[in-house]
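Everything on this sheet refers to the single structure shown next.
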Amino acid sequence: MEKMAFRAMGSGMLAVFEMEGDRALQALAQVPGWFEDWEACLSRFRPESELNQLNRQAGSWVPVSPVLWDVLAAARRVEWLSDGLVTPALQGSLEAYGYDRSFELVAMMNANLRMTEVHTDWPERKEMGVDLETRSIYLPVGTRLDLGGIAKGWAADRALDRLVELGPALVDAGGDIALSPRSALDACWPVAVTDPH
576 MEKMAFRAMG
586 SGMLAVFEME
596 GDRALQALAQ
606 VPGWFEDWEA
616 CLSRFRPESE
626 LNQLNRQAGS
636 WVPVSPVLWD
646 VLAAARRVEW
656 LSDGLVTPAL
666 QGSLEAYGYD
676 RSFELVAMMN
686 ANLRMTEVHT
696 DWPERKEMGV
706 DLETRSIYLP
716 VGTRLDLGGI
726 AKGWAADRAL
736 DRLVELGPAL
746 VDAGGDIALS
756 PRSALDACWP
766 VAVTDPH
């Protein structure tokens, strides 16, 4: 097996190929760059990210990139499936409870993130506007999105989609794991789960 460990999106990442050799190493060497590109687009902690540009333009139709479009579609689907329990419209609430910087910085500052009641930023639960023809998004005024609940899982899936073209692979994006079947029918990927206590 060949492995590539790196940091992205505020988390430890790991990409693993079942095969060994130069071809696997060359493919794995690309993975951190993919995550960097996705983080530059999707992070609320980067002022110039495409997500923050969209948030600043609430009240207007904004054309978005294929990456942001795809992640927003996934976020909307999860919101619908969870009947609104999982929503990207939480940035204002997260900031109000002290999560206004990355978890790494919050942990260093020993911030207290007690969340007893969370209010979403959807004004009166107005729907986000979606224009399929122009691939544009309309956020209601006052709405700011945070894609942290879905971005790492989405990125793990996309990285796996690219890697699996060369062979069986596993991508661990800070605990969001995407994997393909191993070559041998009886082979499994070893996945450790940390005891939370």
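Residue numbering for the sequence shown follows my numbering, starting at 576 and increasing by one per position.
All C-beta atoms, glycine included, are put in the ideal place defined by N, C-alpha and C.
Legend entry - Helix, strand or coil at ARG719 [DSSP, three-state]: Locating residue 719 in the sequence shown gives position 144, where the first residue counts as 1. It is coil, neither helix nor strand.
Legend entry - For LEU722 and VAL639, believed in contact at Cβ under 8 Å, the rounded distance: The count along the sequence shown starts at 1 and reaches residue 639 at position 64. The count along the sequence shown starts at 1 and reaches residue 722 at position 147. At roughly 12 Å, the Cβ-Cβ gap does not stay under 8 Å, so VAL639 and LEU722 are not in contact.
Inset, instruction - Name, in chain order, the residues that DSSP records as bridge partners for LEU589. - result: Numbered from its first residue, the sequence shown carries residue 589 at position 14. LEU589 is bridged to ALA580, ASP747.
Inset, instruction - Verify whether the separation of the beta carbon atoms of VAL614 and LEU643 is less than 7 Å. - result: Locating residue 614 in the sequence shown gives position 39, where the first residue counts as 1. Locating residue 643 in the sequence shown gives position 68, where the first residue counts as 1. Just to set this straight, residue 614 is Glu in the shown sequence, not Val. In this structure, LEU643 does not lie closer than 7 Å to GLU614 by Cβ.
Legend entry - C-alpha distance - THR718 paired with LEU760, whole-angstrom precision: On the sequence shown, residue 718 is found 143 positions in, with the first residue counted as 1. On the sequence shown, residue 760 is found 185 positions in, with the first residue counted as 1. Approximately 48 Å, taken between the alpha carbons.
Legend entry - Proximal residues to GLU699 (C-beta, below 7 Å), its chain only, five neighbours per side dropped: Taking the sequence shown and counting its residues from 1, one reaches residue 699 at position 124. Legend: pLDDT at GLU699 = 45, less than 50; position of this residue unreliable, value from coordinates given subsequently. Cβ neighbours of GLU699 beyond the five flanking positions: none.
Inset, instruction - Would you identify the three-state DSSP class for VAL705, choosing helix, strand or coil? - result: Reading the sequence shown from its first residue, position 130 is the one you call residue 705. Three-state result, VAL705: strand.
Inset, instruction - To the nearest angstrom, report how far apart ALA748 and SER586 are at their CA atoms. - result: The count along the sequence shown starts at 1 and reaches residue 748 at position 173. The count along the sequence shown starts at 1 and reaches residue 586 at position 11. Going by the C-alpha atoms only, they are around 7 Å apart.
Inset, instruction - Assign SER618 to buried or exposed, taking buried as 16 or more other Cβ atoms, counted over all protein chains shown, within 10 Å of its Cβ. - result: The sequence position of residue 618 within the sequence shown is 43, counting from 1. By the neighbour-count rule (16 or more Cβ atoms within 10 Å), SER618 is buried.
Legend entry - Proximity to LEU589 [Cα-Cα], best of ASP732, LEU707, PRO756: Sequence index remark: in the sequence shown, residue 589 carries index 14 (1-based). Taking only the C-alpha atoms, the option nearest LEU589 is ASP732.
Inset, instruction - Leaving out five residues on either side along the sequence, give the residues of the same chain with a beta carbon under 7 Å from the beta carbon of ASP706. - result: Looking up residue 706 in the sequence shown gives position 131. Result list for ASP706: TRP636, in chain order.
Inset, instruction - Report the residue from SER755, ASP736, ALA633 whose alpha carbon sits nearest the alpha carbon of PRO524. - result: As shown, the chain starts at 576 and ends at 772. That puts residue 524 outside it, with no answer to give.
Inset, instruction - Express the C-alpha separation of CYS763 and ALA602 in angstroms, rounding to a whole number. - result: Within the sequence shown, residue 602 is the residue found at index 27, counting from 1. Within the sequence shown, residue 763 is the residue found at index 188, counting from 1. Using only the alpha carbons, I get a separation of about 22 Å.
Inset, instruction - Confirm, please, whether the CB-CB distance from VAL716 to ALA633 is below 7 Å. - result: Residue mapping note: residue 633 aligns to position 58 of the sequence shown, counting from 1. Residue mapping note: residue 716 aligns to position 141 of the sequence shown, counting from 1. Contact: yes.
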